[in-house]
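A.B. asks:
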Amino acid sequence: MSFFRKMRGLTKSPPRVSLFEMVWSWIGSFLGIAVIAFIHYQYLDSFDMALIIGSFGASAVLIYGAVRSPLAQPRNLIGGHVLSAIIGVTVYKIFSGQMWLASALAVSTAIFIMHATKTLHPPGGATALIAVIGSNKIHGLGYLYAIIPVGLGALVMLIIALIINNIPEKRRYPEFWL
Amino acid sequence: MTSKDQCGIFGASSVEMSDEDILAAMKSISGYIDITPSDFQEIYGIAYRHAIERLSHLVKAEDIMTRKVVSVGPDTPLSEAARRMDEMNVSGVPVVDETQTVVGVISERDFLLKMGAEKNGSFMAVIAECLSNRGCVAMPIKGKTAKDIMTSPAITAQKGNTISELSKMLAEHRINRVPVVDDKGRLAGIVSRGDIVESYCAKVF
Numbered sequence: 001m002s003f004f005r006k007m008r009g010l011t012k013s014p015p016r017v018s019l020f021e022m023v024w025s026w027i028g029s030f031l032g033i034a035v036i037a038f039i040h041y042q043y044l045d046s047f048d049m050a051l052i053i054g055s056f057g058a059s060a061v062l063i064y065g066a067v068r069s070p071l072a073q074p075r076n077l078i079g080g081h082v083l084s085a086i087i088g089v090t091v092y093k094i095f096s097g098q099m100w101l102a103s104a105l106a107v108s109t110a111i112f113i114m115h116a117t118k119t120l121h122p123p124g125g126a127t128a129l130i131a132v133i134g135s136n137k138i139h140g141l142g143y144l145y146a147i148i149p150v151g152l153g154a155l156v157m158l159i160i161a162l163i164i165n166n167i168p169e170k171r172r173y174p175e176f177w178l
Numbered sequence: 001m002t003s004k005d006q007c008g009i010f011g012a013s014s015v016e017m018s019d020e021d022i023l024a025a026m027k028s029i030s031g032y033i034d035i036t037p038s039d040f041q042e043i044y045g046i047a048y049r050h051a052i053e054r055l056s057h058l059v060k061a062e063d064i065m066t067r068k069v070v071s072v073g074p075d076t077p078l079s080e081a082a083r084r085m086d087e088m089n090v091s092g093v094p095v096v097d098e099t100q101t102v103v104g105v106i107s108e109r110d111f112l113l114k115m116g117a118e119k120n121g122s123f124m125a126v127i128a129e130c131l132s133n134r135g136c137v138a139m140p141i142k143g144k145t146a147k148d149i150m151t152s153p154a155i156t157a158q159k160g161n162t163i164s165e166l167s168k169m170l171a172e173h174r175i176n177r178v179p180v181v182d183d184k185g186r187l188a189g190i191v192s193r194g195d196i197v198e199s200y201c202a203k204v205f
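Going down the list, the protein sequences come from chains A and U. Numbered according to UniProt numbering, the first sequence spans residues 1 to 178. Numbered according to UniProt numbering, the second sequence spans residues 1 to 205.
Printed below as a string of structure tokens:
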């Protein structure tokens, strides 16, 4: 296939999911984000700590909205976020003088490492990027960023996913653990 | 692999599926499946060929061979050999010596070859010869024994030969059956083209 022919695409988009699926995706993501946001704003914010970061919104799409996807499995959710956070923090520490370079390196290296460890989780790319472009509060955390908010937040979202996604008879989660 | 080209069944592509078939299946499964129909086509095609390949290596001669083999000795008179083949309704039999070692094979074709059908060994050649010479077609081989007309040495298969190896053997040598022998060359069974066809019906489809 020639370079430009490939850009035309060759297949159809997957079908729309049922209303049932939409409703359960809504319930799961509402509760998942609600729990970490509640803890964040009610308890941690006053101690200048965080539990919620932007990339969890993306994780919610996967673990409550596409529960069968390999990208949404616990290995990918936890592994992808934690590894990407470590990479993001490391890249920021070394390249903070060149923010454009640090941003690009954090995301691209995170994707590389997630592939290599079979933990590809798209929100991980955002987690790595936030470690670089985030607030001073985030920068101040150093490697703690990988544990709180990233690791703990992902873990709380996982627990909610395990509970909510297994309530309906036609849904199940996860497909695999490791 | 050459065996694939020679045997239609191995080369056969998987059942053709349209995007509509796959979309219908995806719709019937609850939940968002994050693959496209063409992803599925690709996976299915490769998995199907893989399964065929695996099964063709899994099934061995000893799994599909006929164990009760009609055989004759080298000195069995052809009249008796022919009668036995007729009674058992087979078109070829292995020739074994007193230790059950396969020394040759006689088939209908071997009879025909010695009955005037020198070139192709077809029944029509025998008819043609008979009609033009006014003689009994079986006369040239009257009184002879199995060793006089058998194809020797026999092409034989081992018990562990896979179904694809057997198919290749039959196709390459243009034969319809191959005797299966044990480690010592003794007759253990026989695999015919029919046995291979049947094993596909049972194991693959």
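Ideal placement from N, C-alpha and C gives every residue a C-beta, glycine not left out. All of these numbers come straight from a predicted model, not from anything done at the bench.
Please identify the residue among Glu-165(U), Val-103(U), Gly-73(U) and Pro-179(U) whose C-alpha is closest to the C-alpha of Leu-58(U).
C.D. replies: Ranking Glu-165(U), Val-103(U), Gly-73(U) and Pro-179(U) by Cα distance to Leu-58(U) puts Glu-165(U) first.
A.B. asks: Can you give me, in chain order, the residues of the stretch 22-33 of chain U that have a beta carbon less than 7 Å from any beta carbon in chain A?
C.D. replies: Going along the stretch 22-33 of chain U in chain order, one finds Leu-23, Met-26, Lys-27, Ser-30, Gly-31, Tyr-32 and Ile-33 with a Cβ nearer than 7 Å to chain A.
A.B. asks: I'd like the ranges of any alpha helix (DSSP H) spanning at least 4 consecutive residues and lying wholly in the stretch 155-182 of chain U.
C.D. replies: Listed in chain order, the complete alpha helix (DSSP H) runs (minimum 4 residues) inside the stretch 155-182 of chain U are 163-173.
A.B. asks: Name the one or two DSSP bridge partners that Lys-60(U) has.
C.D. replies: Looking at the DSSP assignment, Lys-60(U) forms a beta bridge with Thr-162(U).
A.B. asks: Take Asp-75(U) and list the residues in its own chain whose beta-carbon comes closer than 8 Å to its own, dropping the five residues that flank it on each side.
C.D. replies: Cβ neighbours of Asp-75(U) beyond the five flanking positions: Thr-145, Ala-146 and Lys-147.
A.B. asks: What does the alpha-carbon distance come out to for the pair residue 189(A) and Ile-63(A)?
C.D. replies: Examination of residue 189(A) is not possible in this model, given that chain A is present from 1 through 178 alone.
A.B. asks: Between Leu-10(A), Val-23(A), Lys-93(A) and Gly-9(A), which lies nearest to Tyr-143(A) when the distance is taken from Cα to Cα?
C.D. replies: The residue with the shortest Cα to Cα distance from Tyr-143(A) is Lys-93(A).
A.B. asks: Any chance you could list the alpha helix (DSSP H) runs of at least 4 consecutive residues sitting entirely within the stretch 23-78 of chain U, in chain order?
C.D. replies: If we require 4 residues or more, the alpha helix (DSSP H) runs fully inside the stretch 23-78 of chain U come out as 37-58 and 61-64.
A.B. asks: Report the residue from Val-191(U), Ala-24(U), Asp-34(U) and Glu-98(U) whose alpha carbon sits nearest the alpha carbon of Arg-177(U).
C.D. replies: With distances taken between Cα atoms, Arg-177(U) lies closest to Val-191(U).
A.B. asks: Please classify Gly-54(A) as buried or exposed, where buried requires at least 16 other C-beta atoms within 10 Å of its C-beta.
C.D. replies: Burial call: exposed.
A.B. asks: What does the Cβ neighbour count give for Asn-165(A), buried or exposed, with the cut at 16 atoms within 10 Å?
C.D. replies: It counts as buried.
A.B. asks: Taking C-beta pairs closer than 9 Å, name the residues in chain A that Ser-18(U) reaches, listed in chain order.
C.D. replies: In chain order: nothing, as chain A lies at least about 10 Å away.
A.B. asks: Taking only three categories from DSSP, how would you classify Arg-109(U)?
C.D. replies: Reduced to three states, the DSSP call for Arg-109(U) is helix.
A.B. asks: What residues from chain U crowd round Pro-15(A), counting only those whose CB sits closer than 7 Å?
C.D. replies: Within 7 Å Cβ-Cβ: Leu-23, Met-26 and Lys-27.
A.B. asks: Does chain A have any CB closer than 9 Å to the CB of Ile-35(U)?
C.D. replies: So yes, Ile-35(U) belongs to the interface.
A.B. asks: Would you give the residue range spanned by the alpha helix (DSSP H) that Val-90(U) belongs to?
C.D. replies: Per DSSP, Val-90(U) belongs to no alpha helix (DSSP H) and is neither H nor E.
A.B. asks: Identify, in the order they occur along the chain, each residue of the same chain with its Cβ nearer than 6 Å to the Cβ of Phe-20(A), setting aside the five sequence neighbours on each side.
C.D. replies: Counting only Cβ-Cβ distances below 6 Å, and skipping sequence neighbours, we find nothing.
A.B. asks: Return the CA-CA distance between Val-90(U) and Met-115(U), expressed in angstroms with no decimal places.
C.D. replies: If I take the Cα positions, the gap works out to 19 Å.
A.B. asks: Determine, for Thr-11(A), whether the minimum Cβ-Cβ distance to residues of chain U falls below 9 Å.
C.D. replies: With 9 Å as the cut-off, Thr-11(A) counts as an interface residue toward chain U.
A.B. asks: Among Phe-112(A), Thr-109(A), Ile-160(A) and Met-99(A), which has the Cα closest to the Cα of Gly-134(A)?
C.D. replies: Residue Met-99(A) is the option with its Cα nearest to Gly-134(A).
A.B. asks: Judging by CA-CA distance, which residue of Ala-66(A), Thr-90(A) and Val-132(A) is the nearest neighbour of Gly-28(A)?
C.D. replies: Of the listed residues, the one whose Cα sits closest to Gly-28(A) is Ala-66(A).
A.B. asks: Is it buried or exposed for Phe-40(U), if we count other Cβ within 10 angstroms and need 16 for buried?
C.D. replies: By the 10 Å Cβ count, Phe-40(U) comes out buried.
A.B. asks: Could you check where the alpha helix (DSSP H) with Val-191(U) kicks off and where it finishes?
C.D. replies: Element bounds for Val-191(U): not the alpha helix (DSSP H) but the beta strand (DSSP E), 187-192.
A.B. asks: Would you identify the three-state DSSP class for Met-1(U), choosing helix, strand or coil?
C.D. replies: In this prediction, Met-1(U) scores a pLDDT of 35, lower than 50, which makes its location untrustworthy; no coordinate-derived value is stated.
A.B. asks: With DSSP as the reference, label Pro-122(A) as helix, strand or coil.
C.D. replies: Coil, per DSSP.
A.B. asks: Is Ile-46(U) close to chain A, meaning its C-beta is less than 9 Å from at least one C-beta of that chain?
C.D. replies: By this cut-off, Ile-46(U) is not an interface position.
A.B. asks: Let's see if you can read the secondary structure: which residues bound the alpha helix (DSSP H) around Val-150(A)?
C.D. replies: That residue, Val-150(A), is in no alpha helix (DSSP H); it is neither H nor E in DSSP.
A.B. asks: Suppose the cutoff is 8 Å on Cβ atoms and the five residues either side in sequence are ignored; what does the same chain contact list for Ala-154(U) look like?
C.D. replies: So the qualifying residues of the chain are Pro-94, Val-95, Val-102, Val-103, Gly-104, Val-105 and Pro-179.
A.B. asks: Which partner residues does Thr-151(U) have in the DSSP bridge list?
C.D. replies: BP columns for Thr-151(U) point to Val-105(U).
A.B. asks: Using a Cβ-Cβ distance under 9 Å, would Lys-6(A) count as near chain U?
C.D. replies: It does not; no Cβ of chain U falls within 9 Å.
A.B. asks: Is Val-91(A) helix, strand or coil by DSSP?
C.D. replies: Reduced to three states, the DSSP call for Val-91(A) is helix.
A.B. asks: Using only alpha-carbon positions, find the residue among Asp-48(A), Leu-77(A), Ile-113(A) and Ala-104(A) that is nearest to Tyr-173(A).
C.D. replies: The option with the nearest alpha carbon to Tyr-173(A) is Leu-77(A).
A.B. asks: Determine, using beta carbons only, whether Ile-60(A) and Thr-127(A) come nearer to each other than 9 Å.
C.D. replies: A quick correction: the sequence has Ala, not Ile, at residue 60(A). Result no, Cβ atoms of Ala-60(A) and Thr-127(A) do not sit closer than 9 Å.
A.B. asks: Between Tyr-32(U), Ala-125(U) and Leu-55(U), which lies nearest to Val-17(A) when the distance is taken from Cα to Cα?
C.D. replies: Among Tyr-32(U), Ala-125(U) and Leu-55(U), the Cα nearest to that of Val-17(A) is on Tyr-32(U).
A.B. asks: If the cut is a Cβ gap below 7 Å, which residues of chain U does Ala-66(A) touch?
C.D. replies: Those within 7 Å of Ala-66(A) in chain U are Tyr-32 and Asp-34.
A.B. asks: For Gly-189(U) and Thr-66(U), which I take to be in contact (beta-carbon distance under 8 Å), what is that distance rounded to the nearest angstrom?
C.D. replies: Their Cβ separation, rounded to whole angstroms, is 6 Å, which keeps Gly-189(U) and Thr-66(U) in contact under 8 Å.
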